[in-house]
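Participant:
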Amino acid sequence: MKLNEKILVTGARGLVGSALVEHLKAEGFTNVLALGRQDCDLTDSASTRAYFEKHQPTYVFHAAARVYGIMGNMKNKALSFYDNVMINTNVVDAAQKVGVKKITVMGTGAVYPYPSPGLPLKEDMIFMGEPHAAENSYAHAKRAMLAMLRAYEESYGMEWAYVVSCNLFGPRDKFDTEFGHVVPSLIKKFFDAKRRGEKVVVWGNGSAKRDFMYVKDTARVGLAIMQNISGPANIGSGTVYSIRDIVDMIADITDMQDHVVWDETKPNGQDYRAYDLSKIDSIGFNCQHTIRQGLEETWAWYAENAQD
Ligand SMILES: NC(=O)c1ccc[n+]([C@@H]2O[C@H](COP(=O)([O-])OP(=O)(O)OC[C@H]3O[C@@H](n4cnc5c(N)ncnc54)[C@H](OP(=O)(O)O)[C@@H]3O)[C@@H](O)[C@H]2O)c1
Numbered sequence: 051m052k053l054n055e056k057i058l059v060t061g062a063r064g065l066v067g068s069a070l071v072e073h074l075k076a077e078g079f080t081n082v083l084a085l086g087r088q089d090c091d092l093t094d095s096a097s098t099r100a101y102f103e104k105h106q107p108t109y110v111f112h113a114a115a116r117v118y119g120i121m122g123n124m125k126n127k128a129l130s131f132y133d134n135v136m137i138n139t140n141v142v143d144a145a146q147k148v149g150v151k152k153i154t155v156m157g158t159g160a161v162y163p164y165p166s167p168g169l170p171l172k173e174d175m176i177f178m179g180e181p182h183a184a185e186n187s188y189a190h191a192k193r194a195m196l197a198m199l200r201a202y203e204e205s206y207g208m209e210w211a212y213v214v215s216c217n218l219f220g221p222r223d224k225f226d227t228e229f230g231h232v233v234p235s236l237i238k239k240f241f242d243a244k245r246r247g248e249k250v251v252v253w254g255n256g257s258a259k260r261d262f263m264y265v266k267d268t269a270r271v272g273l274a275i276m277q278n279i280s281g282p283a284n285i286g287s288g289t290v291y292s293i294r295d296i297v298d299m300i301a302d303i304t305d306m307q308d309h310v311v312w313d314e315t316k317p318n319g320q321d322y323r324a325y326d327l328s329k330i331d332s333i334g335f336n337c338q339h340t341i342r343q344g345l346e347e348t349w350a351w352y353a354e355n356a357q358d
């Protein structure tokens with residue numbers, strides 16, 4: 051990738067897209083185009099095509115999506131399916147029509163079958179069974195994008211990479227306690243409880259484990275994948291934490307150690323399923339931030355930017 055080639059980032063005001071824009075600029079790329087929803091509604095085919103024709107990107111990072119945590123995915127199955135299929139179909143098609151050199155898109159670990167066909171989960175297992183029922187519409191929409199990229203490669207020679215992502219967090223996440231992901235929802239709970247002098251109630255017993263990655267490392271691995279890997283590629287930090295570990299770290303950062311209450315009548319969430327990381331290992335990728343550093347930065351960002 052040449053530093054002056056035009057790189058379009060979709061979802062550029064979201065968690066992943068905004069980190070990608072910052073990282074690309076920091077790496078010296080001078081022609082980064084940041085597409086937010088106000089610039090173009092990607093569910094609309096004509097607008098998406100017109101946007102791509104006008105701007106003629108050379109590379110595309112596709113990070114726009116209708117994204118929720120597990121509860122949001124369960125309660126919004128139709129919207130999640132419709133918006134994600136439309137957005138992904140329009141973006142991949144428009145990218146092909148304007149002849150981009152390569153597109154790298156964000157997939158999700160939710161695409162893997164449940165129960166797992168084997169562990170660790172390898173990229174060639176994605177279509178070996180149904181995804182987990184709680185996230186099936188989101189997962190099927192993301193699987194459709196993978197099938198589309200394969201078809202566009204076969205028919206048109208399109209080059210692509212598909213990032214199968216672990217749990218991410220960082221600044222500009224959706225800090226939503228009901229529909230959000232684990233870390234931003236915990237950060238908001240701690241923030242609100244600290245301000246009001248209340249306890250933080252956390253669901254389950256904290257035993258569920260996850261591979262979390264700080265979004266600045268996601269941006270680094272995204273660029274490395276664009277430059278070095280084709281096809282689907284799992285990403286993860288390779289370090290697995292329980293929800294209890296994460297809660298303890300946030301409690302420590304916020305000085306709320308004595309204010310956490312575990313509601314063990316509530317479910318724990320899916321068990322952790324290990325990802326095979328040999329593709330990103332083969333290009334020498336390692337995270338630069340510990341999860342603790344990521345949590346500290348995210349807390350600081352949220353404390354500064356939280357709106358009532
Ligand atoms: N966060 C995670 O833990 C995680 C894990 C695995 C995979 N991923 C994947 O990573 C990608 C990025 O996720 P994220 O966490 O960065 O999500 P995010 O913060 O919600 O960002 C997604 C962005 O897409 C934009 N968008 C949604 N609908 C659009 C539309 N119709 N037209 C144009 N833009 C639209 C959103 O704009 P608005 O805010 O205006 O709606 C938002 O800025 C997604 O594909 C997601 O599935 C994320």
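Position 248 of the sequence shown, counting from 1, maps to 298 under the numbering used here, and the rest follow consecutively.
Beta carbons: idealized from backbone N, C-alpha and C, even for Gly.
#1: In terms of alpha-carbon separation, which member of S332, Y325, T304 lies closest to R342?
#2: At the level of alpha carbons, what is the spacing between K391 and G179?
#3: Verify the contact flag: C90, CB atom, against every heavy atom of ligand 1, threshold strictly below 7 Å.
#4: Taking only the alpha-carbon atoms, compute the straight-line gap between M299 and L345 and give it to the nearest angstrom.
#5: If you follow the alpha helix (DSSP H) that M306 is in, where does it begin and where does it stop?
#6: Could you say which of A353, R87, G122 lies nearest to A113 if we only look at CA atoms?
#7: Does the segment 255–264 come close enough to the segment 190–200 that 3 or more CB-CB pairs lie under 8 Å?
#8: In its own chain, which residues sit with a C-beta less than 7 Å from the C-beta of N278, not counting the 5 before and 5 after it?
#9: Measure the beta-carbon distance from L218 to T268 and round it to whole angstroms, keeping in mind my assumption that it falls under 8 Å.
#10: Consult DSSP for T98 and reduce its assignment to one of helix, strand or coil.
#11: Roughly how many angstroms separate the alpha carbons of H309 and G149, rounded to a whole number?
#12: Is the beta carbon of Y206 sitting closer than 8 Å to the one on G281?
#13: Unbroken beta strand (DSSP E) runs of length 3 or more, entirely within the segment 258–322: which are they?
#14: Below 8 Å on the Cβ atoms is my contact criterion, and I expect T108 with L85 to pass it. Report the Cβ-Cβ distance as a whole number of Å.
#15: Would you call the CB atoms of R323 and L171 closer than 8 Å?
#16: Nearest to V161 by CA position, among I57, A128, P181, is which residue?
#17: What separation, rounded to the nearest whole angstrom, lies between the Cα atoms of I176 and G67?
#18: If you follow the alpha helix (DSSP H) that T340 is part of, which residue opens it and which one closes it?
#19: Could you check the C-alpha separation between A62 and V110 for me, to the nearest Å?
#20: Once the 5 residues before and after G157 are set aside, which same chain residues still bring their CB inside 8 Å of it?
#21: Alpha carbon to alpha carbon, what distance is there between G247 and L386?
#22: Check whether the Cβ atoms of F102 and K147 lie closer than 8 Å to each other.
#23: Which one of F225, T154, Y118 has the shortest CA to CA distance from E209?
#24: Among residues of its own chain, excluding the 5 on either side of C90, which ones have a beta-carbon nearer than 7 Å to its beta-carbon?
#25: Does the distance from the CB of A353 to the CB of F241 come in under 8 Å?
#26: Is the closest heavy atom of ligand 1 to the C-beta of V117 under 7 Å?
#27: Exposed or buried, what is G78 when buried is set at 16 or more other beta-carbons lying within 10 Å of its beta-carbon?
#28: Would the beta-carbon of V66 be found less than 7 Å away from any heavy atom of ligand 1?
#29: Just reading off the alpha helix (DSSP H) that L380 is part of, what are its end residues?
#30: P221 and A348 - do their beta-carbons sit closer together than 8 Å?
#31: Along the chain, where does the alpha helix (DSSP H) containing Y188 start, and where does it finish?
#32: Under the three-state reduction of DSSP, which class applies to L171: helix, strand or coil?
Facilitator: This is what the structure gives:
#1: The count along the sequence shown starts at 1 and reaches residue 342 at position 292. Distances from the alpha-carbon of R342 to those of S332, Y325, T304 put T304 closest.
#2: This structure cannot settle anything about residue 391, because the visible part of the chain is limited to 51 through 358.
#3: Locating residue 90 in the sequence shown gives position 40, counting from the first residue. Checking the Cβ of C90 against ligand 1 gives yes.
#4: Stepping through the sequence shown from its first residue, residue 299 is reached at position 249. Stepping through the sequence shown from its first residue, residue 345 is reached at position 295. Their Cα atoms are separated by approximately 8 Å.
#5: Residue mapping note: residue 306 aligns to position 256 of the sequence shown, counting from 1. Counting along the chain, M306 falls outside any alpha helix (DSSP H), and DSSP gives it neither H nor E.
#6: By 1-based counting over the sequence shown, the position of residue 113 is 63. The option with the nearest alpha carbon to A113 is R87.
#7: Touching, no, given that fewer than three Cβ pairs across the two stretches are closer than 8 Å.
#8: As a working note, residue 278 is residue 228 in the sequence shown. Answer for N278: I333, listed in chain order.
#9: Residue mapping note: residue 218 aligns to position 168 of the sequence shown, counting from 1. Residue mapping note: residue 268 aligns to position 218 of the sequence shown, counting from 1. That belief holds up - the Cβ atoms of L218 and T268 are roughly 5 Å apart, short of 8 Å.
#10: Residue numbering aside, residue 98 sits at position 48 when the sequence shown is read from its first letter. Helix, per DSSP.
#11: Translated into positions along the sequence shown, residue 309 becomes position 259. Translated into positions along the sequence shown, residue 149 becomes position 99. Taking the Cα positions, H309 is about 55 Å away from G149.
#12: The count along the sequence shown starts at 1 and reaches residue 206 at position 156. The count along the sequence shown starts at 1 and reaches residue 281 at position 231. No.
#13: Segments of the beta strand (DSSP E) lying fully in the segment 258–322: 259–264, 281–285, 290–292, 310–313.
#14: Here residue 108 is taken as the residue at index 58 of the sequence shown, counted from 1. Here residue 85 is taken as the residue at index 35 of the sequence shown, counted from 1. No, T108 and L85 are not in contact; Cβ-Cβ is about 15 Å, not under 8 Å.
#15: For the purposes of this step, residue 323 is taken as residue 273 along the sequence shown, with counting starting at 1. For the purposes of this step, residue 171 is taken as residue 121 along the sequence shown, with counting starting at 1. Yes, the Cβ-Cβ distance between R323 and L171 is below 8 Å.
#16: Numbered from its first residue, the sequence shown carries residue 161 at position 111. Measuring from the Cα of V161, the nearest candidate turns out to be P181.
#17: Along the sequence shown, read from residue 1 onward, the residue named residue 176 stands at position 126. Along the sequence shown, read from residue 1 onward, the residue named residue 67 stands at position 17. The alpha-carbon atoms of I176 and G67 are separated by roughly 24 Å.
#18: What you label residue 340 is simply residue 290 of the sequence shown in a count that begins at 1. First-last for T340: undefined, no H or E at that position.
#19: The count along the sequence shown starts at 1 and reaches residue 62 at position 12. The count along the sequence shown starts at 1 and reaches residue 110 at position 60. Spanning the two alpha carbons is a distance of roughly 12 Å.
#20: The residue you call residue 157 lines up with position 107 of the sequence shown. Once the five neighbours on either side are set aside, the close Cβ partners of G157 are K192, M195, L196, Y212, V213, V214, S215, P282.
#21: The structure shown does not extend to residue 386, since the chain spans only 51 to 358, so no value can be given for it.
#22: To locate residue 102, count along the sequence shown from 1; it is residue 52. To locate residue 147, count along the sequence shown from 1; it is residue 97. Result yes, Cβ atoms of F102 and K147 sit closer than 8 Å.
#23: The count along the sequence shown starts at 1 and reaches residue 209 at position 159. Just measuring C-alpha positions, the residue of F225, T154, Y118 sitting nearest E209 is T154.
#24: What you label residue 90 is simply residue 40 of the sequence shown in a count that begins at 1. Taking C90 as the centre and dropping the five residues before and after it, the same chain places the C-beta of S97, T98, Y101 closer than 7 Å to its C-beta, in chain order.
#25: Within the sequence shown, numbered from 1, the residue matching residue 353 stands at position 303. Within the sequence shown, numbered from 1, the residue matching residue 241 stands at position 191. Contact flag set, yes.
#26: Locating residue 117 in the sequence shown gives position 67, where the first residue counts as 1. Under cutoff, so the answer is yes.
#27: Sequence index remark: in the sequence shown, residue 78 carries index 28 (1-based). By the 10 Å Cβ count, G78 comes out exposed.
#28: If you number the sequence shown from 1, residue 66 lands on position 16. Yes, since a heavy atom of ligand 1 falls inside the 7 Å radius drawn around the Cβ of V66.
#29: For the chain, the structure presents residues 51 to 358; residue 380 sits outside this window and is missing.
#30: Here residue 348 refers to the residue found at position 298 of the sequence shown. Here residue 221 refers to the residue found at position 171 of the sequence shown. Per the sequence shown, residue 348 should be read as Thr rather than Ala. For T348 and P221, yes; Cβs fall inside 8 Å.
#31: Taking the first residue of the sequence shown as 1, we reach residue 188 at position 138. Per DSSP, Y188 belongs to the alpha helix (DSSP H) from 186–206.
#32: For the purposes of this step, residue 171 is taken as residue 121 along the sequence shown, with counting starting at 1. DSSP places L171 in strand when its eight states are reduced to three.
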